[in-house]
Every structure is written in C-alpha cells, then in structure tokens.
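Numbering-wise (the working numbering), the sequence shown opens with residue 909 and increments by one. Backbone N, C-alpha and C define an ideal beta-carbon position, used for all residues, glycine too. All figures in this text were calculated on a predicted structure; none of them were measured in a lab.
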Amino acid sequence: MRVTVSFSSRTSRPSPARGRRRALSAALLLPLLIGLAGCGSEDNGSDAADGAGGSGGGGGDQPEVTLTVLAAASLTDVFEAAGAEYEAANPGTTVRFSFAGSQELVAQLNGGAPGDVLVTADTQTMEGVAELTGEPEVIARNELTIVTPPDNPAGVTGLADLADPGLRLVLAAPEVPAGRYGQEILAAENIDAEPDSLEVNVRSVLGKVQLGEADAGLVYVTDAAVAGDEVAVVPIPEDQNVTAFYPAATLNDAANLAAAEDFVAWLTGVTAQELLGAAGFLAP
C-alpha cells in the first residue's frame, strides 16, 4: 500500500516540548526586561529633574527693575549710599537718581520726565504736585547753618552780620526750599540782607563758598558736613532756626509702582534712617 502525505495545506504547529521551551525563555526574560524598563524610567526622570532644576534656577532669578528717584540736591551723598544699600538688599533692582533743587524736580515732572519716586526738601513743594503723587511720607528733617570759607575772611559770627553791605552773600533762590527757609529766618530776625547771587539749589550755594567766591552762605547742616574742612560753620541758634521736612512719595505714573512703594517704605526703616542720621539729618 502506498501512502502519500501532502504538506501544502497543513498548518505547522510547535511540538509541546518546543512550546514549553519558549514559555520558559519568556518567563526568564520578563524580569530582565522589567528591570531594564525601570532603569530607563529612572534615568529619564533624573534627566528631567536636572533639566527642571536648571531652568528653575533661571526662573527663580529676580526680575530686573530700574527705579528712578527724583531727589532734592541736599540728599545727594546720603542717597547714593542708600541706593547702594537698597540694591544689595534687592538683587535685580537698580536705583537711579536725579538730583536737583526741589522746584527743578517739579519742572522735570511737568515736562514729562519719567520717575518712580519724588523726594523734596519741603512739604510745600510736595503739596504742589499732590495730583501726581501718592500719599507722602516724611523721611527726615534738617536745619540751616551759615558757612564761610575756612578762614572766614569777613569775620561772620551770626545772622546779623549777613546784613553787612560789604559782605559777599550767596543764598538759594526763593523758589528753592533752602532759599525760602533762609528768607524766613532773615525776615523773622528783621535782617535786611542783600545777596550777591541767588542759586538754583543749595549745593550751588555751598560750591560758591567752597571756591571762595562768596564770604558767606546759608545751607543745610548736612551740606556743611559734606564740605568738611572746606568751609567754616557758624551755627544758627535753635530759637532762630527753622526745620526743613523731607517728604517722599511714589509717582502715579511710576513704571515700577510696587518697587517705588517698597523704596519709600524702606526709607523709613532702620537701615535708611541710620544712614540719614550719620549724615546729620534729623529723624522724622
């Protein structure tokens, strides 16, 4: 008998033994594959964390802020020191100052000059721009004194000597706070003093005396302290003097209102008050 077997239409099936071997191989490989997958996930997670940490560090940087402060000329030296202290305490913030007579600062604002904070040497000037500012805060007080060249060539000993017609007297202009204070003092003592020049700010008065271009001038006590040995000081008695108040306020059009508010508040704090006190300013 002949038996013919055809394989053309037969479906190939693995033998039971062969199937068991494959199942065993898969069972052995499965833990290894799971382990490798876990390692891959850990590596990817670590990379992601590193990447997030790098970008997070950049994202945590303080935003760059430029704070523009318009301040009375008599604050020049102490505010430059205060600005450096504020920048150190507030990374990313740069404080820029524009120093001038208070009336000049107002003219700048009315002319469209940008600013975040205004600090004047009197309340009258600040009140005149109330529609442009927030609520002012007095940060310091000051008083006036007479200054002469170091050798005091005219022999000035007090306010009465400022009426000497032969004296080269220099004062701040009446629209300048220091000039207005000076006129108030002279008027109260009935002293008819005729200045040889009227200056746009108190630092210009100080400069003329330092250069020997004037025999005497009226400046703030703090200005005389800045000049040191370059001038001689003739104090004005307390009962003849006046008190200057320095208000600070944010400007309504401030580009950085939050930073401006923080700076004004900082000026009343311990660090700023210590700097102002060391410079000769009186506490608010």
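Residues bridged to residue i [DSSP beta-bridge criterion]
| i | result |
| --- | --- |
| V1127 | T1053 |
| A1152 | N1050 |
| R1004 | T976 |
| V1025 | V977, T1158 |
| T1041 | L1159 |
| L1190 | R1049 |
Under 8 Å between C-beta atoms of residue i and residue j
| i | j | result |
| --- | --- | --- |
| E995 | T1001 | yes |
| G1090 | L1119 | no |
| V1027 | A979 | yes |
| A1168 | V1025 | yes |
| V1178 | A1122 | no |
| E1051 | T1151 | yes |
Alpha-carbon to alpha-carbon, residue j and residue i
| i | j | result |
| --- | --- | --- |
| T984 | E1097 | 30 Å |
| P1103 | A1156 | 31 Å |
| E1083 | Q1011 | 7 Å |
| K1116 | G1009 | 16 Å |
| P971 | V1003 | 14 Å |
| G991 | L1175 | 10 Å |
| A1029 | G1074 | 31 Å |
| A1048 | P1057 | 28 Å |
| V877 | E1039 | Because the chain spans 909 through 1192 in this model, residue 877 falls outside it and cannot be assessed. |
| E1092 | P999 | 44 Å |
Per-residue DSSP class, three states only, for residue i
| i | result |
| --- | --- |
| T984 | helix |
| A1157 | strand |
| V1117 | helix |
| T1031 | helix |
| V1139 | coil |
| A1173 | helix |
| G1185 | helix |
| N1164 | coil |
| N998 | coil |
Kindly provide the ranges of any beta strand (DSSP E) runs that are 3 or more residues long and lie completely inside the stretch 1044-1109, ordered along the chain.
Listed in chain order, they are 1045-1056, 1077-1080, 1105-1107.
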